[in-house]
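**Q** Heads up, the sequence shown is in our numbering, so the first residue is 3 and it goes up one at a time. All C-beta atoms in this analysis are idealised placements derived from N, C-alpha and C, irrespective of residue type, glycine included. Keep in mind it's a predicted model, so treat the numbers as computed, not measured. Please see the structure below; I have some questions.
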Amino acid sequence: MVETPAGHRQPSRRNSRQISRRGLLAAGGVALGAGFGALLTGTANAGDGATGAASAAGGPALPRSPRFALDAPGHVLWRDRPLYNNTVLQALAFDDTHDELYTVQLMQGGQQLPGEAAPVAGATRDLHGDLCLTRLDRTGTVLGHMFLTGFGHGVQIGVEPSPHGAYLWTETKAIADDGVHGWGSVLGRFPFVDGAILTPDSPSLRQYAPVPGADRTTAATDPVHGTLTMRHRVDGHFRYALYLLPQLRAGVVKPIAEVAQPDVLATDFQGYATYGRYLYLIEGNAFGHTGSVSPTGNTVVTRVRWTDGVVEGRQLMTVANDMRFREPEGMAIQLGPDGAPRLAFGFAETISATDSHKIATVCYLDRLVP
């Protein structure tokens, strides 16, 4: 990263641990809630639906939650798995209802989609904001893919499970304001359909613009507490807004909390996640970049309170430090086999010392403290 439900198998019932995880999701209110079936077109923004905004007046309380212990030992979920394209992993999100996860990356160069006159170079894909979305099982095996043309850079994504598949929340309507990378300017929600190619104007996509005038918009979902976090930029400054996901989906654009991005971040921003009343940010660079030396690196996770934006802690991540490349990419909340939450984050890796094409590794923290 650079910055300074068709075709889905039905859920299985493999064991009681999986049922426990689904029960937790249902209790959280987002994963199995009503209203997933109707897909709308158009854009929800701050000018739509004063009635919905009024219903959020009074400020729903932030969900109570423990916090992840950043100094706890990290664990590896899986290592060195290929994604559908061979570019750097940018972000990830989990669908624990179906034991799956989704990743997003820039489309690799040399591919030619239907309607394109010739294969397109990777730099052009980056400029246009063309993304590859991969669906994987819990072990990291590829199950399907989509191409999202004109969407953005893939900084962060969210997943909204439904009974028969999943909806993705991503950035869309890419704008290359720096002349190099396409960045999303609104949020988009759409169902995963294996092999489909979407544009910002696709009928299956609904756009959301909760903050008028914002750009660099991305989303992350908290499957336990039923919220969506939107990172966005206003007047050159990054901010985070926390929404009740069912309300935002219905067009209610009043956040339940907002904080500024803290100024303690020192390297490249690489992703974020929310669990309850805490926001987590990940930053860092690949080995060999200035300030990132093997085996220590400079991958740091920061915990921020949603109540007041105060930084509670920062911690260097040393898990999987025997990698060759080890660029941190993306964060997400995952539910383990027993239903316990995990703070997951990805790393991009090279295939070998002589092959710079990329594969992916996913790690997590799982110790909670009051």
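#1: Would you check if the stretch 289-300 and the stretch 78-90 touch, i.e. whether three or more CB-CB distances between them fall below 8 Å?
#2: May I ask you to report which of helix, strand or coil DSSP gives Gln-249?
#3: Do Gly-152 and Gly-112 have their CB atoms nearer than 9 Å?
#4: Going by the CB atoms, is the gap between Thr-304 and Gly-286 shorter than 9 Å?
#5: Determine whether the beta carbon atoms of Tyr-104 and Leu-94 lie at a separation below 9 Å.
#6: Looking at Met-325 and Thr-363, is the spacing between their C-beta atoms short of 9 Å?
#7: Within this structure, are the beta carbons of Ala-216 and Val-236 separated by less than 9 Å?
#8: Going by DSSP in three states, Asp-224 sits in which element: helix, strand or coil?
#9: Would you check if there are 3 or more beta carbon pairs closer than 8 Å linking the stretch 149-164 to the stretch 196-214?
#10: Please report the straight-line C-alpha distance between Asn-323 and Cys-365, rounded to a whole angstrom.
#11: Could you check what DSSP says for Gly-142 in three-state terms: helix, strand or coil?
#12: From Gly-167, Arg-344, Thr-136 and Val-313, pick the residue whose C-alpha is nearest to that of Leu-79; which is it?
#13: Taking all protein chains shown into account, do 16 or more other C-beta atoms lie within 10 angstroms of the C-beta of Glu-118, making it buried, or fewer, making it exposed?
#14: Which whole runs of the alpha helix (DSSP H) in the stretch 247-284 are 4 residues long or more, in chain order?
#15: Reducing DSSP to helix, strand and coil, say where Asp-128 ends up.
#16: Below 6 Å CB to CB, which residues in the same chain sit around Tyr-245 once its five sequence neighbours on both sides are set aside?
#17: Relative to the C-alpha of Leu-64, which candidate in Val-371, Trp-308, Pro-248 and Gly-299 has its C-alpha closest?
#18: Does the beta-carbon of Val-182 have 16 or more other beta-carbons within 10 angstroms, so that it is buried, or is it exposed?
#19: In chain order, what residues of the same chain have a beta carbon less than 6 Å from the beta carbon of Ala-275, not counting five sequence neighbours either side?
**A** So, from the listed chains and residues:
#1: Cβ pair count under 8 Å is below three, so no.
#2: Reduced to three states, the DSSP call for Gln-249 is helix.
#3: The Cβ-Cβ distance between Gly-152 and Gly-112 does not fall below 9 Å.
#4: It is not a contact, given that the beta carbons lie outside the stated cut-off.
#5: Going by C-beta atoms, Tyr-104 is nearer than 9 Å to Leu-94.
#6: Contact: yes.
#7: Between Ala-216 and Val-236, the C-beta gap is smaller than 9 Å, which places the two residues in contact.
#8: Here Asp-224 sits in strand by DSSP.
#9: Segments in contact, yes.
#10: Those two C-alpha atoms are separated by around 11 Å.
#11: When secondary structure is reduced to three states using DSSP, Gly-142 falls in the coil class, being assigned neither helix nor strand.
#12: Checked all of Gly-167, Arg-344, Thr-136 and Val-313; the closest Cα to Leu-79 is Arg-344.
#13: By the neighbour-count criterion, in which a residue is buried when 16 or more other Cβ atoms sit within 10 angstroms of its Cβ, Glu-118 is exposed.
#14: DSSP runs (the alpha helix (DSSP H)) wholly in the stretch 247-284: 247-251.
#15: Residue state, collapsed to three classes: helix.
#16: Around Tyr-245: Leu-230 and Pro-257.
#17: Minimum Cα distance to Leu-64 is reached at Trp-308.
#18: The Cβ neighbour count for Val-182, taken over all protein chains shown within 10 Å, is under 16; the residue is labelled exposed.
#19: Counting only Cβ-Cβ distances below 6 Å, and skipping sequence neighbours, we find Ala-222, Tyr-282, Met-333, Ala-334 and Ile-335.
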